[in-house]
Ligand code: DSN
């Protein structure tokens, strides 16, 4: 960096320390990733200076001719990636994208059928602590004992509650989703369908997971998880919902779009259209499968019976008598970052739940493969099983630093 070190040494210092943390640690939070330097450049560009309320070709402010090019490129590339009829790239992140969809398609008091948070759903899918839960009537379905979405139960609930919207797509669920079956239930009760593919968008774009976009009414995503773009959101929908969605995003909910961010989204979508991205997405899943096998072999209880995607939810309480918080803290001390997480119908509290959630997108971006996953699973087990043993945690941290040094990240960037 040329200017920041002298202009603002405090912020520069914090960035420098965070860079070292990212470089030296094993990032296993399944919703995190490392963007390319090209994405970073677009994100840090002068596009941040421009106001551009409206949409390409129809803005409220002057001087938007190049901004229009940027936003249209992002839209066109997203359409190509997912086979979408209409795309809105302006949502600032996943939560605003979901809220905009609710405002576009629902009236206050309407019923939405969404997955229970502890079974892998998301806060913005109607958790009682959210404002959306005060406006709309969210009814929650769950997974069955085998870890599958119980489609018979979902159908019964849909018949009973007559939802206006059926919502799928999760942030801690590790299995594939049968979109045509859910669309059939929605058709039977006259409900609209929405999928939140934030976690798995990159896997879907690469053809490694089922794609709801050609089937469902609306699909939301973030752009910064497996899709490996900048922090942001996006809505894809059938043409018949395009006007309502666009109006809900702006002027209904947001103001001026963040065009530097939209440019970075366009760059990331361009990267995801390349053949290398397919190889990357395949490897994310292969790596997750190795972690699954290694944890199963060590006697851990895997929620939902394992994984079809990039993440695992593991019940460390039942498996090893360690809470999710204890496991997260101990692993943090050893240089391995993941998050504590509720397991289905968790008897413990969200702040100290029974599980941990971890995944492979960021490690795979660094170039790590099956052999590294085996080693890492062994380290994780040692730390969890000896979570109060400072010596073991220190030893593993040293080994983590040796390993990460072999997979360089953002070298010379600062
Ligand atoms: N915070 C994101 C995650 O970790 O899944 C979703 O909101």
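In the numbering used here, the protein residues as written are 1 to 414. Every residue gets a Cβ at the ideal spot worked out from N, C-alpha and C, and that includes glycine.
- The straight-line gap separating the alpha-carbon atoms of residue 44 and residue 230 is approximately 11 Å.
- Setting aside the 5 residues that flank it on each side, residue 119 is surrounded in the same chain by 142, 143, 344, each with a C-beta closer than 6 Å to its C-beta; the list follows chain order.
- Using a cutoff of 7 Å, the CB of residue 310 does not count as near the ligand DSN, since none of the ligand's heavy atoms is closer than that.
- Between residue 198 and residue 174, the CB-CB gap reaches or exceeds 8 Å.
- For residue 349, the pairing in a beta bridge is given by DSSP as 352.
- In this structure, DSSP gives residue 387 a state outside helix and strand, which the three-state scheme calls coil.
- The secondary-structure analysis by DSSP pairs residue 15 with nothing; it has no beta-bridge partner.
- Of the heavy atoms belonging to the ligand DSN, none sits nearer than 7 Å to the Cβ of residue 241.
- With respect to the C-alpha of residue 396, the residue from 101, 332, 233, 183 having the closest C-alpha is 332.
- Counting the other CB atoms within 10 Å of its CB gives residue 69 a total below 16, which places it among the exposed residues.
- C-alpha of residue 414 to C-alpha of residue 1: approximately 5 Å in a straight line.
- The DSSP assignment places complete alpha helix (DSSP H) segments of no fewer than 4 residues inside the stretch 189-257 at 201-205, 242-247, in order along the chain.
- Not a single heavy atom of the ligand DSN lies less than 7 Å from the C-beta of residue 284.
- For residue 171, the shortest C-beta to heavy atom distance toward the ligand DSN is below 7 Å.
- Of all C-beta pairs linking the stretch 235-246 to the stretch 78-92, three or more are shorter than 8 Å, placing the two stretches in contact.
- Exclusion of the five residues before and after residue 64 leaves 52 as the residues of its chain whose Cβ lies within less than 6 Å of its Cβ.
- Scanning its chain for C-beta atoms nearer than 7 Å, with the 5 sequence neighbours on each side dropped, one finds around residue 80 the residues 273, in chain order.
- The C-beta of residue 398 has fewer than 16 other C-beta atoms within 10 Å across all chains shown, which makes the residue exposed.
- Going by beta carbons, residue 361 and residue 310 fall inside the 8 Å limit.
- Ranked by how close their Cα comes to the Cα of residue 122, the residues 179, 222, 322, 393 have 222 in first place.
- Residue 92 holds the alpha-carbon nearest to the alpha-carbon of residue 262 among 354, 7, 54, 92.
- Rounded to the nearest angstrom, the Cβ distance from residue 290 to residue 184 is 35 Å, too far for a contact under 8 Å.
- Going by DSSP, residue 175 is part of no beta strand (DSSP E) at all; its letter is neither H nor E.
- Rounded to whole angstroms, the separation of the alpha carbons of residue 282 and residue 208 is 7 Å.
- Excluding its 5 nearest sequence neighbours in each direction, residue 378 has C-beta neighbours in its own chain below 8 Å: 294, listed in chain order.
- Contact check for residue 342 against residue 353 passes: the beta carbons are separated by less than 8 Å.
- The way I'd put it, the stretch 251-266 doesn't touch the stretch 123-136; fewer than three beta-carbon pairs between them come closer than 8 Å.
- In this structure, the straight-line span from the alpha carbon of residue 264 to that of residue 71 is close to 10 Å.
- At a cut-off of 7 Å, the beta-carbon of residue 31 counts as near the ligand DSN: some heavy atom of the ligand is closer than that.
- Taking all protein chains in view, the Cβ of residue 49 is surrounded by fewer than 16 other Cβ atoms within 10 Å, so the residue is classified as exposed.
- Taken from the Cβ of residue 258, every heavy atom of the ligand DSN lies 7 Å or farther away.
- Residue pairing by DSSP puts residue 115 in a beta bridge opposite 141.
- In this structure, the CA atom of residue 62 is about 25 Å from the CA atom of residue 41.
- Residue 117 and residue 128 have their alpha carbons spaced roughly 10 Å apart.
- Boundaries of the beta strand (DSSP E) around residue 167: 165-168.
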